[in-house]
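Structure record follows, encoded as structure tokens.
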Amino acid sequence: MLTKLTPVEDFWAAKNIWERTGFPLVGGNDKEGSDFTGESLLGEVTLFSFFVIPAKAGIQFLIKGVNYKVIFCFLFLISLVLPAHRLFALEQMELTVEDAAAMVLNKNLSLKTESYKPGAAASDVLIYQGEFDPTVSIGIASSYTKEPSSTSYDSSQSSTSSYTSYLSGKLLTGTQYELSFENYRYWGNSSYLTFNPYYTSEVKLSITQPVLKGFGTSVQSTNINVYKNAFEIAKLTYDSTVVEKIAEAAKKYWDLASAMSNVEAANIGLKLANDTKKIVTAKIDVGLSAPVDIYTAEAEIARREGNLLDAEKALTDTENALKTLLNINGKDVQLKPVSAPVKPVVPPHLDALVETALKHKQDYLSAKLEKQNRELLKKYYKNQMLPEIDLTGSYGYIGLNENHGTALDKMKTGSDFAWQIGLTVSLPIGNRKYKGYYNKASYEKDQYEAKILELEQTTQSSLRDALNALIFAEKKIKTTEKTRLAAEKQLEAEEGRFKAGLATLNDVLKFQSDYVTAIYQEKMAKNEYSKALIEIKRLQGITPV
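Using numbering that gives the first Met the number 0, you'd call the opening residue of the sequence shown number 0 and step up by one each time.
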């Protein structure tokens with residue numbers, strides 16, 4: 000009768016068979032001194048249980064002495080299947096900081112949304128430029144009338160046909176024009192008509208010119224110039240978003256590099272704790288350490304395993320944040336930063352940084368354009384408060400004859416003509432509408448003047464802080480390097496003293512923790528220096544990468 004085995008017993012049974020055939024374990028090797036922690040045991044149990052538990056009776060049968068050729072074949076078949084679990088490993092994507100910047104430009108959804116705004120603003124310019132586009136109109140008409148006549152001169156029956164064409168529009172001076180060409184044919188039953196039917200042709204130019212309100216190219220082109228500036232503001236806003244997103248991606252890139260360094264440091268700490276446990280075990284075996292020391296070593300291993308889990312979670316969170324920014328979909332891609340941190344350089348002068356910022360910083364340049372727009376609107380609304388006085392005039396040539404061709408010829412001679420000149424005056428009472436617009440533009444102009452001064456002040460202050468952070472980061476690199484070297488030497492010395500029985504286990508574990516922390520802080524300091532450079536360029540409105 001077969002003995003019932005637990006899953007762990009199943010594992011050890013299979014493990015013994017595996018070792019006797021000379022095959023290495025999946026998670027390590029079977030040589031003396033190889034690492035085999037509880038975590039690796041759990042992985043082996045999970046893997047082997049997939050094959051062992053359904054074949055529990057078979058394994059027990061094999062243990063009882065079945066031919067080793069059969070065992071070898073059985074294990075060989077399993078070995079063909081075992082690598083399948085590695086097919087699900089994450090695909091690594093090596094990424095430079097320049098790659099991250101390029102992916103933001105090409106794939107970030109916020110940038111894609113913002114990229115349409117300059118085009119929409121450019122359309123507003125076309126709309127107001129269209130106010131000065133000429134218009135061509137063509138008309139054809141025909142009519143017939145039959146009605147009682149009050150005199151013998153009038154026709155009781157008549158018909159007319161007409162063909163007209165017009166070219167009209169407005170100039171940047173405010174001048175409204177209309178050039179008309181009209182042709183008429185008239186027939187009536189009156190006996191007093193000299194030509195029946197007769198044709199008339201007339202060409203005429205009519206002009207209306209504002210004298211005060213609406214006069215001048217600067218007034219008429221106000222909306223065009225305002226929306227041209229709005230277009231430039233939209234481009235600056237987009238450029239600002241590009242700078243912000245690239246800076247954000249670059250910072251997250253170095254955060255990811257720091258998070259990976261944290262995981263590496265945590266793994267080093269865990270390995271040191273496992274190595275220390277082996278030393279403690281050996282010392283207990285020969286009576287050089289108290290048996291309770293093994294619990295201290297195991298507790299430290301558990302603590303460092305927790306630190307590793309925390310570091311891995313932080314790495315995953317940081318990586319996911321960068322993936323979202325780069326619009327990378329899918330969980331099967333693992334980002335691997337490969338760019339080296341920027342080496343420290345001579346810190347720039349604050350005055351030079353501020354001067355560059357005031358030439359490139361998008362919000363500062365936008366504020367200056369907004370102020371310019373308010374100045375244009377003030378001038379426009381001031382003009383709109385003036386009386387509306389318009390000069391009107393027209394001049395034309397007329398031709399009349401019994402056929403159309405002769406009528407055109409007579410019109411061309413200019414012997415028959417007509418002209419008109421006039422003046423119209425319109426005085427709005429109160430004019431509160433444009434007074435309100437004028438006051439609003441004045442207040443907004445003053446507001447943007449104050450904002451420009453504020454931006455100059457905040458730019459200088461922010462760059463001063465960023466420059467101090469850069470200088471501090473450079474110093475931090477030097478101090479963390481010294482700290483790491485000192486911690487490494489202290490740990491080596493303390494481990495030697497511990498093996499010689501001159502130091503306690505707690506002392507060794509403390510120096511290990513200090514060493515692991517120093518490793519991480521040194522790498523993080525280099526990444527923080529790169530981030531400090533990025534922040535300076537961001538504040539200047541310059542693409543950081």
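Using N, Cα and C, we set each Cβ at its ideal position, and we do this for glycine too.
For Leu321, the secondary structure class from DSSP, reduced to helix, strand or coil, is helix. DSSP places Met102 in the uninterrupted alpha helix (DSSP H) bounded by Val96 to Lys106.
In the DSSP secondary-structure assignment, Thr163 is bridged to Gly138 and Glu181. In the DSSP assignment, Ala417 falls within the beta strand (DSSP E) that extends over Phe416 to Ser425. Between Glu487 and Val337 the beta-carbon gap is near 26 Å, outside 8 Å, which marks them as no contact.
The stretch 266 to 274 and the stretch 100 to 120 do not touch, with fewer than 3 CB-CB distances between them shorter than 8 Å. DSSP places Glu401 outside both helix and strand once states are collapsed to three, so it counts as coil.
DSSP places Ile388 in the strand class (E or B) of the three-state scheme. The beta-carbon distance between Glu369 and Ile232, rounded to whole angstroms, is 7 Å. This is short enough to meet the 8 Å contact definition. When C-alpha distances from Gly540 are compared across Tyr363, Ser220, Ala140 and Trp418, the shortest belongs to Tyr363.
Here the alpha carbons of Ile428 and Tyr396 stand approximately 41 Å from one another. Contact annotation: the stretch 217 to 232 does not touch the stretch 389 to 406, with fewer than three C-beta pairs closer than 8 Å. Here the stretch 311 to 318 makes contact with the stretch 255 to 270; the two share three or more CB pairs at distances below 8 Å. Between Thr144 and Ser157 the beta-carbon gap is near 5 Å, inside 8 Å, which marks them as a contact. DSSP, reduced to helix, strand and coil, places Gly187 within a strand of the structure shown.
In this structure, Tyr528 places its C-beta atom within 8 Å of the C-beta atom of Pro343. When only Cα atoms are considered, Lys277 and Lys335 end up about 33 Å apart. When C-beta atoms of the stretch 236 to 251 are compared with those of the stretch 487 to 501, fewer than three pairs fall below 8 Å, so the two segments do not count as touching. In this structure, Glu401 is the residue among Glu401, Met410 and Gly495 with its C-alpha nearest to the C-alpha of Tyr198.
In this structure, the straight-line span from the alpha carbon of Leu422 to that of Leu375 is close to 29 Å. Segment contact: the stretch 293 to 302 against the stretch 501 to 518, three or more CB-CB distances shorter than 8 Å; contact assigned. In this model, Leu501 and Asp309 are separated by some 34 Å (Cα to Cα). Shown here for Val353: same chain residues with a beta carbon closer than 7 Å to its own, the five before and five after excluded, namely Thr458, Gln459 and Leu462 in chain order.
Rounded to the nearest angstrom, the Cβ distance from Lys530 to Ile476 is 13 Å, too far for a contact under 8 Å.
By the C-beta density criterion, Trp418 is exposed, having fewer than 16 other C-beta atoms within 10 angstroms.
Looking at the DSSP output, Gly395 bridges to Lys203 and Ala417. For the pair Thr542 and Val124, the CB atoms are not nearer than the 8 Å cut-off. Comparing alpha-carbon positions, the option among Thr163, Arg184 and Gln175 lying closest to Val210 turns out to be Gln175. Ser365 is classed as buried because its beta carbon has at least 16 other beta carbons within 10 Å across all chains shown.
The beta carbons of Lys244 and Ser109 sit closer together than 8 Å. Taking C-beta atoms as the reference points, Val135 and Leu104 fail to come closer than 8 Å. A Cβ-Cβ separation of about 6 Å places Leu324 in contact with Glu247 under the 8 Å criterion. With contacts defined as CB atoms closer than 8 Å, Val225 and Val544 fail to qualify as a contacting pair. Non-local beta-carbon contacts of Glu473 in its own chain, meaning distances under 8 Å to residues more than five positions away in sequence, involve Pro343, Pro346 and Tyr528 in chain order.
Counting along the chain, Val332 sits inside the beta strand (DSSP E) bounded by residues Val332 to Pro336.
Shown here for Leu178: same chain residues with a beta carbon closer than 6 Å to its own, the five before and five after excluded, namely Leu166 and Leu204 in chain order.
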